[in-house]
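Taking it in order: structure first as structure tokens, then the write-up.
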């Protein structure tokens with residue numbers, strides 16, 4: 303168990319962290335920042351997992367592990383959809399945020415989407431993928447469009463691909479890293495409830511249970527994917543992917559509560575570790591090693607306890 307002394311020493315102590323994984327993830331980001339010789343975001347006990355919120359940091363893109371990740375985030379900001387939520391502090395300074403993780407993980411892929419290794423790697427995780435054709439960020443088929451959910455729900459990452467059977471398919475991905483889903487649940491009603499009932503994707507009588515508490519956020523993302531499947535004239539169908547670290551036991555608990563009420567294959571919980579392993583099987587780039595070290599590799603933490 304990480305001690306408060308170790309966390310404070312690395313400016314990775316935050317009283318609001320409720321799980322061992324949250325404390326671990328915050329410390330990993332501070333250690334990665336230190337390994338890069340970057341300054342902390344301030345003097346507070348938790349500022350080790352931040353960079354200074356300055357124009358210089360935003361220009362440098364120091365929150366990102368490689369040039370492709372930096373290029374992907376700059377392109378996404380320039381081309382973002384109206385209503386897309388890309389808060390500058392989260393993007394450029396908050397190392398712990400899942401939004402930089404999206405670009406650090408998928409940026410080297412979206413910048414070279416024609417590289418066949420991308421399709422081969424992602425097919426190791428999602429076997430129906432034949433050829434990936436597009437990767438986008440903070441994407442919705444239509445915010446506030448009544449053909450879908452009629453609200454602002456969007457996918458963190460959206461992957462279009464040609465499936466092994468030749469059909470046009472998609473993955474709508476929600477990425478969690480440090481989060482435990484213990485937040486005020488969104489309201490799920492109106493058009494989202496219509497999609498729930500029309501989809502046939504859920505166990506009868508499960509709406510009230512799934513639309514409250516920690517599962518409500520997952521449900522809205524899942525319903526966005528289902529609304530696309532149900533949209534008249536849609537030429538592309540797909541599923542909702544929840545991507546999270548295997549060590550994030552709080553998210554895993556929510557998945558265990560959510561999955562039994564899904565009766566089709568449109569919900570695909572996936573571990574971050576499995577995607578990193580699949581990429582490593584196809585690539586030899588140093589960015590994969592750094593991605594693993596920054597977000598997942600806890601091997602050095604035991605020594606920190608001994609050193610303090």
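Residue numbers (my numbering): 303 to 610.
Each residue gets a CB set at the ideal place from its N, CA and C atoms; glycine is no exception.
Residue range of the beta strand (DSSP E) that includes residue 477: 470-477
DSSP three-state assignment for residue 587, whether helix, strand or coil: Coil at residue 587, not helix or strand.
CB of residue 407 within 7 Å of CB of residue 331, strictly: no
Where the alpha helix (DSSP H) containing residue 392 begins and where it ends: 390-394
Residue 462 vs residue 489 beta-carbon contact at 7 Å: no
Length of the line joining the Cα atoms of residue 369 and residue 508: 45 Å
Spatial distance of residue 340 from residue 364 (CA atoms): 8 Å
The region 506-520 contacting the region 554-570, beta-carbon criterion three pairs below 8 Å: Segments in contact, yes.
Euclidean distance between Cα positions of residue 470 and residue 367: 32 Å
Residue burial classification, residue 534 (beta-carbon count within 10 angstroms, cutoff 16): exposed
N-terminal and C-terminal residue of the beta strand (DSSP E) that residue 544 is part of: 539-546
Cut-off 8 Å between Cβ atoms - residues of its own chain near residue 530, not counting five sequence neighbours on either side: 443, 450, 472, 474, 536, 538, 539, 540
Buried or exposed by the 16-neighbour rule on C-beta atoms within 10 Å, applied to residue 478: buried
Nearest neighbour of residue 420, chosen from 313, 392, 464 [CA to CA]: 464
Beta-carbon spacing of residue 314, residue 350 below 7 Å: yes
Extent of the continuous alpha helix (DSSP H) run through residue 425: 418-427
Buried or exposed by the 16-neighbour rule on C-beta atoms within 10 Å, applied to residue 523: Around the beta carbon of residue 523, a 10 Å sphere encloses 16 or more other beta carbons of the protein chains shown; the residue is thus reported as buried.
Proximal residues to residue 385 (C-beta, below 7 Å), its chain only, five neighbours per side dropped: Excluding five sequence positions before and after residue 385, the CB atoms of its chain that fall closer than 7 Å to its own CB belong to 445, 454, given in chain order.
Integer-rounded CB distance, given that residue 432 should sit under 8 Å from residue 466: 5 Å
Spatial neighbours of residue 559 in its chain, beta-carbon cut-off 7 Å, leaving aside the 5 residues before and after: 517
Pairwise C-alpha distance: residue 371 and residue 410: 6 Å
Same chain only: Cβ atoms within 6 Å of residue 547, ignoring 5 sequence neighbours per side: Within the same chain, 574 come within 6 Å of residue 547 by CB-CB distance, once the 5 residues on both sides are set aside.
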